[in-house]
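Numbering (our numbering), first residue to last: 15 to 495. Every residue, glycine too, gets a C-beta built ideally from N, C-alpha and C. Please read all numbers here as calculations on a predicted model, not as lab measurements.
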């Protein structure tokens, strides 16, 4: 029978050129083009794996604990994990479709046969028991690769879902790290604001003494009286921002809003990692979102191949063996056995364009997947270039600011020494301290921004630039059919 089925398929294949005129794919435009990696300065494959725990480079155990909690309890990650499990289930179902199938059917019926039907007396007009026990098997011979293409498409979707989960983890870790750095900046800025308030209160007291001594007028006094309320307003605004930042971190880590009210990180506890020489954009190939887009192109390519295979014959081998008898007392007699085997052929001839529309839809899906991949690569290149440019600029800004702060520090020290020696008034010291506090605020802002850019660069590179032990496997480069 198998030989007969193969011969039947060969005959149908020979006639398919004639019959395909009834249901054929028709002319289709060329697919979209994948942006060559070399055109964007990228390599075809990543040179190093992604660091699964890149945030540990900041060197703060409290941050590590928050990220771990977020990755474990955040509902958005559970949604991504559920989508991955759904894709795995679809892939398992597709894989099972290519194998043989065996079913068992058992039924018993008591039936009255019509006196005017096809059965003659004594069956006509009588009640009889009809029993049936049958094992049925079938196997679709996937000569044209439709099931294989559908399976590969499902596997590509599963791999894309795996990459999506990794991308969600990277994004969540970056959000926690950036919020943590922002909270540390606000707390340090509040310390500077408190010193500013104390300095302005001292300055107000000094102005009051000078007014009483006739050295200043009420104009200077009123100006001095406005300074402390302004400083207290800035402190209150910082307290509000600190509370909101703690609430944001609590939400990211799936905790109650007040759970992190005692969290007080400091910028000095966070470590800046210098950018290594020769860091190239080829590391973008390991970004999870780029890998996900790459796998979707592969899945869409296989999906189009499966839709094209719908135009070819569908050959299936079927067989059954069982027992069938009129009267249950004879059901298990040797003479009640029934056996059958044979091939079945299905070839679409006229379907009003259904298969052609389905194929065109798969081609549109492929074009969309290719363009989404191109867009993901372009976004990755831009994000990395922005982060690297900002980091290089911040190195220069912090160097110049350090020089400026050093000069202001020396001026403040000289003013303090002259005041202690009786050569200058305390007003000169407070004026010098005003410039010093401004430089300290600027230093904190630049340090926090440098840390945020480091987090952004880690995310844009898919997990930093170190070489960890484990990482997400790289997907093959996308290809157009």
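- Counting every other CB atom within 10 Å of its CB across the protein chains shown gives residue 324 a total of 16 or more, marking it as buried.
- Between residue 221 and residue 235, the beta carbon gap of about 6 angstroms places them in contact (Cβ cut-off 8 angstroms).
- Taking residue 319 as the centre and dropping the five residues before and after it, the same chain places the C-beta of 163 closer than 6 angstroms to its C-beta, in chain order.
- If you compare the alpha carbons of 84, 227, 271 and 283 with that of residue 198, the shortest gap goes to 283.
- Within the model, the alpha-carbon separation for residue 448 versus residue 419 is close to 12 angstroms.
- Where residue 256 is concerned, the enclosing alpha helix (DSSP H) starts and stops at 232-266.
- From the listed residues 70, 288 and 263, the smallest Cα separation to residue 276 is found for 263.
- For residue 189, there is no enclosing beta strand (DSSP E); the enclosing alpha helix (DSSP H) covers residues 160-226.
- Counting C-beta pairs with one atom in each stretch, the region 236-249 and the region 142-159 have fewer than three that are closer than 8 angstroms, which means they do not touch.
- For residue 253, the number of other beta carbons within 10 angstroms of its own is below 16, and it is reported as exposed.
- Assignment of residue 461 by DSSP, reduced to helix, strand and coil, places it in the helix class.
- Under the three-state reduction of DSSP output, residue 75 falls in the helix class.
- By the 16-neighbour rule on beta-carbons within 10 angstroms, residue 229 is exposed.
- Membership of residue 384 in the alpha helix (DSSP H) is indicated by the continuous run 368-434.
- Pairing residue 150 with residue 333, the inter-Cα distance amounts to about 6 angstroms.
- Residues of the same chain with a CB within less than 7 angstroms of the CB of residue 467, apart from the 5 flanking positions on each side, are 401, 404, 405 and 408 in chain order.
- Linking residue 192 to residue 79 through their CA atoms gives a straight-line distance of about 15 angstroms.
- Ranked by Cα distance from residue 438, the options 115, 429 and 388 are led by 429.
- By the C-beta criterion, the region 174-192 is judged not to be in contact with the region 334-354, since fewer than 3 inter-stretch pairs fall below 8 angstroms.
- As the crow flies, the alpha-carbon of residue 372 is around 17 angstroms from that of residue 327.
- Straight-line measurement puts the Cα of residue 427 at about 16 angstroms from the Cα of residue 213.
- Cβ neighbours of residue 189 within its own chain (closer than 7 angstroms, five residues either side excluded): 266.
- Judged by DSSP secondary structure, residue 145 falls within the beta strand (DSSP E) whose first and last residues are 141-155.
- Put simply, the backbone Cα of residue 107 is about 30 angstroms away from that of residue 48.
- Minimum Cα-Cα distance from residue 173 among the listed residues 100, 382, 153 and 281 corresponds to 100.
- Between residue 316 and residue 111, the C-beta gap is not smaller than 8 angstroms, which leaves the two residues out of contact.
- In the three-state reduction of the DSSP assignment, residue 328 falls in the strand class, which pools E and B.
- Rounded to whole angstroms, the separation of the alpha carbons of residue 465 and residue 195 is 7 angstroms.
- Less than 8 angstroms divides the Cβ of residue 204 from the Cβ of residue 249.
- Your pair residue 187 and residue 85 checks out as a contact, with CB atoms roughly 7 angstroms apart and the cut at 8 angstroms.
- Pairing residue 384 with residue 278 gives a Cβ-Cβ distance that is not under 8 angstroms.
- The Cβ-Cβ distance between residue 342 and residue 143 falls below 8 angstroms.
- Burial state of residue 387 is buried, judged by a 10 Å Cβ sphere holding 16 or more other Cβ atoms.
- Under the three-state reduction of DSSP output, residue 270 falls in the coil class, being neither helix nor strand.
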